[in-house]
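Visitor: Numbering follows numbering that gives the first Met the number 0, with no gaps: position 142 of the sequence shown is 141.
C-beta atoms are modelled at their ideal positions from N, C-alpha and C, and glycine is treated no differently.
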Amino acid sequence: MLINSKILKNLSFLISTLFLIYLFYLIYNSFFIVKNQFIDIGNSTYVNQVRVDDFTKELAQFLTKDCKNNKICEVQSMLDFVTNIPYKINENVAKSPKKVVEQNFGDCDDKSNLLISLLKAKAYEAYFVLVPKHIFVIISLEDLKNKKALYLNDRKFYILETTAKNSKIGFPLKYNLNEIEAIVDPFINKKLLINSIEYK
0 MLINSKILKN LSFLISTLFL IYLFYLIYNS FFIVKNQFID IGNSTYVNQV
50 RVDDFTKELA QFLTKDCKNN KICEVQSMLD FVTNIPYKIN ENVAKSPKKV
100 VEQNFGDCDD KSNLLISLLK AKAYEAYFVL VPKHIFVIIS LEDLKNKKAL
150 YLNDRKFYIL ETTAKNSKIG FPLKYNLNEI EAIVDPFINK KLLINSIEYK
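1) List the endpoints of the continuous beta strand (DSSP E) containing Asp184.
2) Measure the alpha-carbon distance for Met77 versus Lys164 and round it to whole angstroms.
3) So, Ser116 versus Thr55, is the Cβ gap smaller than 8 Å?
4) DSSP state of Lys119, grouped into three classes?
5) So, are the CB atoms of Phe135 and Leu159 less than 8 Å apart?
6) Flag this pair as touching only if the segment 98-114 and the segment 143-162 have three or more C-beta atom pairs under 8 Å; answer yes or no.
7) Would you report the Cα separation of Val130 and Leu17, rounded to the nearest angstrom?
8) From Asp184 to Lys190, what does the alpha carbon distance come to, in whole angstroms?
9) Enumerate in chain order the residues of its own chain whose CB-to-CB distance from Leu7 is below 8 Å, with the five nearest sequence positions on each side excluded.
10) According to DSSP, is Ile32 part of a helix, a strand, or is it coil?
11) Just to confirm my understanding: we take Val81, look at its own chain, exclude 5 residues before and 5 after, and list those with CB closer than 6 Å. What are they?
12) Could you pull the start and end residues of the alpha helix (DSSP H) that Val74 belongs to?
13) If you draw a straight line from the alpha carbon of Lys144 to that of Ala59, how long is it in whole angstroms?
14) If you count every other CB in all the chains shown that lies within 10 Å of the CB of Ser11, and 16 or more means buried, which is it?
15) Can you tell me whether DSSP reads Val201 as helix, strand or coil?
16) Give the secondary structure of Tyr21 by DSSP, where H, G and I count as helix, E and B as strand, and everything else as coil.
17) Once you ignore the five residues that flank Ile182 on each side, which residues in its own chain have a CB closer than 8 Å to its CB?
18) Going along the chain, which residues of its own chain have a beta-carbon closer than 8 Å to the beta-carbon of Met0, five neighbours each way excluded?
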C-alpha cells in the first residue's frame, strides 16, 4: 500500500531523521567513553571507572571531617575506608566507586578506582600503577620518615595498596621496577612520560 498522504510522508521523514540524530548521538558518546575510559597497555586494554561526582565528594568529605586539613590523616582515613571493603575478585570490568561501596566488595581495580576518585575529590595528585595482574595507587605527599617511595622523574610518590587490609601510606613495592607496565592519570586517560624511576 502506497502512502499518499503528505502528512504521513512528512511524519515518516521526521521519525527517520530523529532516529538518525539519536544514532549519531550514541556513536558520538561511545567515542568519548572509549577515549576517556580505555587505555592500551602493551597487549591489553585497561578500563577505568574513576569519578569525581557528588557521591565521591560527599564521601571524601565525610571520611576526612575529623582531620583538620592534615594531609596524612586525610589520605590514611580514605585508605582505611577502602582497605576495609572486603576483597573479592570481579570477573567483569571495574566497578564505579558508588557501586563498590554499595556492594561492599571489590578487587584491586574496583578498590583503586574508588580510592583515586576519593583522592581526586580532595585535590590530591595521584596515579594508577599497572603491573602484571594488579593495580595500585601512588600519591604525591610531603616527606614521610622511614618510608620508601617511588621516585618518578625525581618526584616522590608513596604507594597506597587498596587490597591489604589496614595498610599504611608508603606500602612496600612488591614488584621489580621493570614489571611496571604503565603509570596512568585516569582522569585524563593518559600514560605518564617517565624519564627516570627509582624506589628508595
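Guide: Quick answer:
1) Residues Ala181 to Asp184.
2) If I take the Cα positions, the gap works out to 12 Å.
3) In this structure, Thr55 lies closer than 8 Å to Ser116 by Cβ.
4) In the three-state reduction of the DSSP assignment, Lys119 falls in the helix class, which pools H, G and I.
5) Yes.
6) Flag = yes, the segment 98-114 and the segment 143-162 touch.
7) When rounded, the distance between both Cα atoms is 46 Å.
8) Roughly 6 Å separates the two Cα atoms.
9) Same-chain partners within the cutoff: there are none.
10) Reliability of the predicted coordinates at Ile32 is poor, the pLDDT of 48 falling under 50, and no value is obtained from them.
11) Lys110, Leu113, Leu114 and Thr161, listed in sequence order.
12) Membership of Val74 in the alpha helix (DSSP H) is indicated by the continuous run Lys70 to Thr82.
13) Just so you know, the alpha carbons of Lys144 and Ala59 end up roughly 25 Å apart.
14) Of the residues assessed, Ser11 falls on the exposed side of the cut-off, its CB having fewer than 16 other CB atoms within 10 angstroms.
15) Residue numbering for the chain in the displayed model covers 0 to 199; residue 201 lies beyond these limits and cannot be assessed.
16) Reduced to three states, the DSSP call for Tyr21 is helix.
17) Leaving aside the five residues that flank Ile182 on each side, the residues in its chain whose CB is nearer than 8 Å to its CB run, in chain order, Tyr126, Phe127, Val128, Leu129, Ile137, Leu151, Lys190, Leu191 and Ile193.
18) Confidence at Met0 is low in this model, with a pLDDT of 47, below 50, so the placement of that residue should be treated as unreliable; the coordinate-derived value is given next. If we look at Met0 and ignore the five residues flanking it on each side, it has no Cβ neighbours.
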